[in-house]
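According to the working numbering, the sequence shown is numbered sequentially starting from 329. The C-beta atom is built at its ideal place from N, Cα and C for all residues, glycine as well. Encoded as structure tokens, the structure appears first; notes follow it.
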Amino acid sequence: MSRNLVLGLVLSALAPGVVWAWPGDLDPTFGRGGKVVTDLGGSALGRVGLIEPDGRIVVAGLAYLRDLPGPLGPPLIGLARYLPDGTLDPTFGNGGTVTSDALSFGAYAIVRQSDGKLIVAGSAVDEAGSSGFGLARFDSDGTLDSTFGTAGVVSTDFAGGDDDTRAVTLQADGKIVGAGFAGVGADSFFAVARYNPDGTLDPSFGAGGKTTPNLRGIAVAVVAEPDGHIVLGGTAGGFALVRYDAAGVLDPSFGSGGVVVTAALGVLTSLVRQPDGEFVAAGGGVAVGTDDTLLNTSFGHYSQFALVRYGPDGGLDASFAPCGAVETPFGRAFSGADAVAQAALLQADGKVVAVGSAERVTHDSSFALARYGGGPASACAPAASGRGGLTLKNLLDDDRDMLRFKWVGAGAVDRADFGDPTTTSDYGFCIVDGTGMRAFRMTATAPAGGDWQATTRGYNDRNRYREPEGLSPVKLAAGLAGRARIEFHGRGRNLLMPPLPLPAPVTVRIERSDGPQCWQATFSTPRTNTEREFAASSD
Numbered sequence: 329m330s331r332n333l334v335l336g337l338v339l340s341a342l343a344p345g346v347v348w349a350w351p352g353d354l355d356p357t358f359g360r361g362g363k364v365v366t367d368l369g370g371s372a373l374g375r376v377g378l379i380e381p382d383g384r385i386v387v388a389g390l391a392y393l394r395d396l397p398g399p400l401g402p403p404l405i406g407l408a409r410y411l412p413d414g415t416l417d418p419t420f421g422n423g424g425t426v427t428s429d430a431l432s433f434g435a436y437a438i439v440r441q442s443d444g445k446l447i448v449a450g451s452a453v454d455e456a457g458s459s460g461f462g463l464a465r466f467d468s469d470g471t472l473d474s475t476f477g478t479a480g481v482v483s484t485d486f487a488g489g490d491d492d493t494r495a496v497t498l499q500a501d502g503k504i505v506g507a508g509f510a511g512v513g514a515d516s517f518f519a520v521a522r523y524n525p526d527g528t529l530d531p532s533f534g535a536g537g538k539t540t541p542n543l544r545g546i547a548v549a550v551v552a553e554p555d556g557h558i559v560l561g562g563t564a565g566g567f568a569l570v571r572y573d574a575a576g577v578l579d580p581s582f583g584s585g586g587v588v589v590t591a592a593l594g595v596l597t598s599l600v601r602q603p604d605g606e607f608v609a610a611g612g613g614v615a616v617g618t619d620d621t622l623l624n625t626s627f628g629h630y631s632q633f634a635l636v637r638y639g640p641d642g643g644l645d646a647s648f649a650p651c652g653a654v655e656t657p658f659g660r661a662f663s664g665a666d667a668v669a670q671a672a673l674l675q676a677d678g679k680v681v682a683v684g685s686a687e688r689v690t691h692d693s694s695f696a697l698a699r700y701g702g703g704p705a706s707a708c709a710p711a712a713s714g715r716g717g718l719t720l721k722n723l724l725d726d727d728r729d730m731l732r733f734k735w736v737g738a739g740a741v742d743r744a745d746f747g748d749p750t751t752t753s754d755y756g757f758c759i760v761d762g763t764g765m766r767a768f769r770m771t772a773t774a775p776a777g778g779d780w781q782a783t784t785r786g787y788n789d790r791n792r793y794r795e796p797e798g799l800s801p802v803k804l805a806a807g808l809a810g811r812a813r814i815e816f817h818g819r820g821r822n823l824l825m826p827p828l829p830l831p832a833p834v835t836v837r838i839e840r841s842d843g844p845q846c847w848q849a850t851f852s853t854p855r856t857n858t859e860r861e862f863a864a865s866s867d
């Protein structure tokens with residue numbers, strides 16, 4: 329009976345220094361032709377990784393071992409460390425790999441201490457089968473660190489339910505912060521705990537070292553700010569951020585009582601902090617019905633990359649995109665399937681790279697990357713005073729919900745400003761209320777062969793089924809000042825209606841996906857603003 333240590337894992341490296349190679353070519357000096365596959369004797373998944381200061385590469389994830397002949401064993405932590413040339417590091421674990429039952433269901437996150445020790449986050453299951461917030465620390469040689477918690481493992485219970493750690497980070501003072509969820513009955517809530525370097529809970533944080541913001545959802549990212557604040561990112565009916573001060577108290581200067589939820593988006597998978605204190609969140613954007621359920625993607629509702637940038641106070645940064653969020657589909661070949669950004673990366677020049685996967689309609693998945701510019705924001709063209717109009721009706725009968733928006737330009741608009749919606753230019757419509765939070769956003773996706781038609785002055789979109797999100801018709805017409813015109817109409821239960829009344833001033837923005845152009849109208853003095861209807865003319 330044999331057990332081969334395995335981490336079903338593929339690594340690849342690029343070759344920046346080989347003069348005959350393209351910059352994107354696989355590096356032939358790494359592994360075998362630029363790739364490494366490490367098998368741990370069963371089935372495994374590499375989830376996360378890091379590069380150490382000396383160039384060694386550590387990968388962590390999930391491993392199932394197999395006693396031959398026989399079924400796969402329970403889910404374990406899988407670790408592998410590689411030398412810079414892709415060979416396994418013989419000084420780590422058993423020939424470069426480690427499997428451990430310290431945490432069930434593997435490692436979801438990993439962080440390296442300055443002394444070389446590795447902390448992985450996941451779920452610690454007790455003998456009764458309940459899972460707790462779990463952390464395990466390994467020495468630089470791959471053995472569990474007996475000075476951390478109990479035999480190298482820490483398990484924290486929040487409310488007696490199943491808890492799980494999905495993210496971990498280090499503060500400048502060496503304290504460890506874990507984030508994830510706490511189970512309460514059938515529900516899961518954001519949760520965070522702070523530990524001293526030896527794995528004991530830090531009593532100066534929250535209630536005995538742990539706290540939850542009473543926000544139903546799952547935190548999957550955590551950022552330790554230089555001033556001691558801690559920011560969680562996750563999903564709670566949309567993208568959600570929570571900020572605590574250094575004592576574990578919700579920060580009232582951030583969002584609404586320390587919490588920000590951006591509705592009408594899908595799942596948040598990654599959160600990074602820019603040097604200027606702003607946050608970029610990435611994940612998957614999906615079409616959502618009025619009951620917060622996913623709409624049937626077979627009817628043209630696309631999954632797509634989603635990115636949002638928030639200011640230091642939690643407000644949406646409209647300089648990142650006219651509607652504060654960017655949702656990137658990958659074309660008709662990928663429609664009706666998953667496209668999710670798994671990580672956001674910051675370049676030195678301020679550009680943001682999102683990496684993830686896009687699934688084709690054939691259910692084959694591919695690596696997917698998108699890069700977003702870091703240049704200055706473009707100003708949105710304003711509406712002529714009194715010439716724009718907005719009417720919203722959010723009625724008891726969702727089939728009678730209604731949107732009517734008209735923009736008449738204060739300046740001229742050239743037909744070329746609209747791009748070409750019949751081939752490449754998607755159009756987004758959003759409403760931002762007086763709090764600066766995005767009330768809702770609709771996207772009219774029109775790939776080649778869709779319902780957009782060219783006209784003498786611009787383009788029209790007439791879709792009898794009002795797909796993807798209740799919009800039709802949409803009209804774009806170029807012209808001189810006072811004659812250029814944009815109209816968005818919508819009706820029915822697919823409209824993502826905002827809760828009324830809306831705090832004034834209310835701003836409507838129209839954005840073009842493949843160009844800097846955007847158009848906006850502001851409505852400061854609505855003539856009607858009730859729980860069922862909003863109506864106003866532009867300032």
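Ala610 is not a Cβ neighbour of Thr590, given a cutoff of 8 Å. With a beta-carbon spacing of about 18 Å, Gly613 and Ala646 fall beyond the 8 Å limit used to define contacts. Per DSSP, reduced to three states, the secondary structure at Asp726 is helical. Gly714 has its alpha-carbon roughly 16 Å from the corresponding atom of Ala832. Shown here, Ala653 sits in a strand according to DSSP, grouped into three states.
Only residues of its own chain outside the window of five on either side were considered, and among them Arg409, Gly470 have a CB closer than 6 Å to the CB of Phe420, listed in chain order. For Ala574 and Glu553, the gap between their C-alpha atoms comes out near 9 Å. Two segments are said to touch when three or more pairs of C-beta atoms, one from each, lie closer than 8 Å; by this definition the region 579 to 587 does not touch the region 530 to 537.
The closest CA to that of Ala437, considering only Gly556, Thr835, Gln670, is found on Gln670. Excluding residues up to 5 positions away in sequence, Lys445, Arg465, Phe466, Asp467, Gly480 lie with their Cβ nearer than 7 Å to the Cβ of Asp473 in the same chain.
Taking a C-beta distance under 8 Å as the contact criterion, Gly414 and Phe358 qualify as a contact pair. The bridge partners DSSP lists for Phe733 are Leu718, Phe816.
Boundaries of the beta strand (DSSP E) around Pro402: 400 to 410.
Annotated three-state conformation of Ala547 is strand, per DSSP. Annotation: the continuous beta strand (DSSP E) that includes Lys803 extends over 799 to 805. Assignment of Asp789 by DSSP, reduced to helix, strand and coil, places it in the strand class. Closest in alpha carbon position to Asn857, among Gly460, Leu674, Asp501, Leu830, is Leu830.
Three or more Cβ pairs drawn from the region 801 to 812 and the region 739 to 751 lie within less than 8 Å of each other, which places the two stretches in contact. Here Arg860 carries a coil assignment [DSSP, helix/strand/coil].
Between the C-alpha atoms of Gly488 and Phe757 there is a straight-line separation of about 44 Å. Taking a C-beta distance under 8 Å as the contact criterion, Ala510 and Ala549 do not qualify as a contact pair.
With a cutoff of 8 Å on beta-carbon distance, Phe461 and Phe433 are scored as not near each other. Following the DSSP letters along the chain, one finds Glu380 in no beta strand (DSSP E), marked with neither H nor E.
In this structure, the beta-carbon distance from Gly678 to Ser865 does not fall below 8 Å. DSSP places Thr784 outside any beta strand (DSSP E), giving it a letter other than H or E.
DSSP places Arg821 in the coil class of the three-state scheme, outside both helix and strand. Annotation: Val680 to Gly652 spans about 14 Å, alpha carbon to alpha carbon. In this structure Glu859 is exposed. Its beta-carbon is surrounded by fewer than 16 other beta-carbon atoms within 10 angstroms. Secondary structure of Asp745 (DSSP, three-state): helix.
Taking C-beta atoms as the reference points, Thr427 and Leu354 fail to come closer than 8 Å.
Partner residues in the beta bridge of Thr563, as assigned by DSSP, are Ile546, Phe567.
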